[in-house]
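Have a look at the structure below, then the notes.
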Amino acid sequence: MSETFFHQMADSEGWSETTQIDLLLRYISAQQDETGFADFLAQYCEADSQDVGHEAERFTREVAEHLDNQDLAVDPAFESFCGNAFDMLTSRQTAERWRRTSAK
129 MSETFFHQMA DSEGWSETTQ IDLLLRYISA QQDETGFADF LAQYCEADSQ DVGHEAERFT
189 REVAEHLDNQ DLAVDPAFES FCGNAFDMLT SRQTAERWRR TSAK
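Residues 129 to 232 in our numbering are what the sequence shown spells out, letter by letter.
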């Protein structure tokens with residue numbers, strides 16, 4: 129089965145199942161009005177990026193703390209790695225995966 133745009137977006141953004149369900153339910157109620165739907169998407173993206181940005185930064189710092197290396201929190205490769213794990217793994221699980229990946 130081919131992956132839909134929604135699934136690709138959810139994967140790339142790291143949306144949890146709860147976030148995906150909430151977004152789809154709000155989409156269904158908003159799609160009756162094109163202007164309302166456009167406003168809905170703009171507001172969601174703005175609010176989500178602000179909230180997730182702060183949470184993702186905190187998550188990255190927590191993972192770096194588990195690794196006893198705060199300098200990693202500003203490493204682009206580490207930030208990307210943590211971003212992919214955010215909302216799917218705990219900070220401890222992410223730290224363990226980073227250890228295994230960087231040991232290779």
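Beta carbons: idealized from backbone N, C-alpha and C, even for Gly. None of these values were measured; they are calculated from a predicted model.
Same chain, Cβ closer than 7 angstroms to residue i, five either side skipped, listed in chain order
i	result
Ser144	Asp215
Ser219	Phe187, Glu190, Val191 and His194
Per-residue burial, residue i [other beta carbons within 10 Å of its own, 16 or more giving buried]
i	result
Ala192	buried
Leu151	buried
Thr222	buried
Leu200	buried
Ala205	exposed
CB of residue i within 8 angstroms of CB of residue j, strictly
i	j	result
Phe165	Gln171	no
Gly211	Ala184	yes
Ala213	Arg227	no
Phe168	Arg154	yes
Three-way DSSP call (helix, strand, coil) for residue i in this model
i	result
Phe214	coil
Asp161	coil
Ala170	helix
Ser130	Because Ser130 sits at a pLDDT of 49, beneath the cut-off of 50, its placement in the model cannot be relied upon, and the point is left open.
CB contact below 8 angstroms: residue i versus chain C
i	result
Arg228	This model lacks chain C altogether; it includes just one protein chain.
Cβ-based neighbour list, residue i, same chain, cut-off 6 angstroms, excluding 5 preceding and 5 following
i	result
His135	none
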